[in-house]
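Colleague: Encoded as structure tokens, here's the structure I'll be asking about.
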Amino acid sequence: MPSASDLPYRPCVGIMLFNRDGKVFVGKRIDQTVEGWQMPQGGIDEGETPRQAVLRELLEEVGTDKAEIMAEKDEWVQYDLPPHLVGVAFHGRFRGQTQKWFALRFTGSDADINLAAHEPEFSAFQWVALDGLPALIVPFKRDTYRAVIAEFAHLA
84 MPSASDLPYR PCVGIMLFNR DGKVFVGKRI DQTVEGWQMP QGGIDEGETP RQAVLRELLE
144 EVGTDKAEIM AEKDEWVQYD LPPHLVGVAF HGRFRGQTQK WFALRFTGSD ADINLAAHEP
204 EFSAFQWVAL DGLPALIVPF KRDTYRAVIA EFAHLA
């Protein structure tokens, strides 16, 4: 099993999608044994800019393109996988993720969301208030979520 320090971070984007009420979209992960909710996120493909990736990930994971980019976090945010997931998650290729986060305003209705539009990652979704968000998230991602909330709270 590789040492975490020998592995790179996976470059990806994260999406804080706000609805008209200032609540944030979270999806219930399909692939976890414990209940896990998260905001949409995903890898940046070869030759793709973070802005292109965020719009593609929105379409793939949420099944809609009815959103507008409002803001982009200047700094990239990193998190490390817990030791038991290093060498397992991300096909064993990464120690965690370095993420470029974006805030988007959802311009559609819940009927425009199609979690099965692509290869489904979420079995359900809900809109949550910012203050309730960290408690829904797996512990190793909570610091990342707190940083993103601090950056984009004024947009709610």
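Residues in the sequence shown are numbered consecutively from 84, following the working numbering. In this text, a Cβ means the ideal position worked out from N, Cα and C, and glycines have one as well.
(1) Do you know how far the Cα of Phe185 is from the Cα of Met153?
(2) Could you have a look at Leu90 and say whether DSSP puts it in helix, strand or coil?
(3) Please list the segments of the beta strand (DSSP E) lying wholly inside the stretch 117-149, counting only runs of 3 or more residues, in order along the chain.
(4) For Ile104, collect the residues of the same chain with a Cβ closer than 8 Å to its Cβ; drop the 5 residues on either side in sequence, then sort them by chain order.
(5) Exposed or buried, which one is Phe223 when buried takes at least 16 other CB atoms within 10 Å?
(6) Which residue's Cα is closest to the Cα of Trp159: Gln182, Leu142 and Glu143?
(7) Expressed to the nearest angstrom, what Euclidean distance is found between the alpha-carbon atoms of Asp114 and Leu141?
(8) Which runs of the alpha helix (DSSP H) fall wholly inside the stretch 196-233 and span at least 4 residues, in chain order?
(9) Which residue's Cα is closest to the Cα of Val109: Ala136, Asp214, Ala207 and Ala236?
(10) Pull up the CB-CB distance for Cys95 and Gly130, whole angstroms please, since I reckon it's below 8 Å.
(11) Nearest-angstrom Cα distance between Gln161 and Ala194?
(12) Under the rule that 16 or more other beta-carbon atoms within 10 Å means buried, what is Thr263, buried or exposed?
(13) Which value, in whole angstroms, describes the spacing of the CA atoms of Pro166 and Arg225?
(14) Tell me the residue span of the beta strand (DSSP E) that contains Ala236.
(15) Looking at Leu100: is its Cβ nearer than 9 Å to the Cβ of Arg188?
(16) Between Gly97 and Gln124, what straight-line distance do the alpha-carbon atoms span, to the nearest angstrom?
Modeller: Quick look at the numbers:
(1) Numbered from 1 along the sequence shown, position 70 holds the residue referred to as residue 153. Numbered from 1 along the sequence shown, position 102 holds the residue referred to as residue 185. For Met153 and Phe185, the distance between alpha carbons rounds to 8 Å.
(2) In the sequence shown, counting from the first residue as 1, residue 90 sits at position 7. Residue state, collapsed to three classes: coil.
(3) 124-126
(4) Within the sequence shown, numbered from 1, the residue matching residue 104 stands at position 21. Correcting the residue type first, residue 104 is Asp in the shown sequence and not Ile. Taken in chain order, the residues that qualify are Trp210.
(5) Residue 223 sits at position 140 when you count from the first residue of the sequence shown. Exposed, because fewer than 16 other Cβ atoms sit within 10 Å of the Cβ of Phe223.
(6) For this step, residue 159 is matched to residue 76 along the sequence shown. The option with the nearest alpha carbon to Trp159 is Gln182.
(7) Counting from one through the sequence shown, the residue named residue 114 turns up at place 31. Counting from one through the sequence shown, the residue named residue 141 turns up at place 58. Their backbone Cα atoms lie some 18 Å apart in a straight line.
(8) 216-219
(9) Stepping through the sequence shown from its first residue, residue 109 is reached at position 26. Closest by alpha carbon: Ala207.
(10) Here residue 95 corresponds to residue number 12 of the sequence shown, with the count starting at 1. Here residue 130 corresponds to residue number 47 of the sequence shown, with the count starting at 1. In fact, because the Cβ distance is near 15 Å, the residues do not count as touching under 8 Å.
(11) For the purposes of this step, residue 161 is identified with residue 78 of the sequence shown, where counting begins at 1. For the purposes of this step, residue 194 is identified with residue 111 of the sequence shown, where counting begins at 1. Their Cα atoms are separated by approximately 33 Å.
(12) Because the chain here runs from 84 to 239, residue 263 falls outside it and cannot be looked at.
(13) Indexing the sequence shown from 1 puts residue 166 at position 83. Indexing the sequence shown from 1 puts residue 225 at position 142. Their Cα atoms are separated by approximately 16 Å.
(14) By one-based count along the sequence shown, residue 236 stands at place 153. Neither: Ala236 is in no beta strand (DSSP E) and is coded neither H nor E.
(15) The count along the sequence shown starts at 1 and reaches residue 100 at position 17. The count along the sequence shown starts at 1 and reaches residue 188 at position 105. Yes, these two residues count as a Cβ contact at 9 Å.
(16) Translated into positions along the sequence shown, residue 97 becomes position 14. Translated into positions along the sequence shown, residue 124 becomes position 41. Rounded to the nearest angstrom, the two C-alpha atoms are 4 Å apart.
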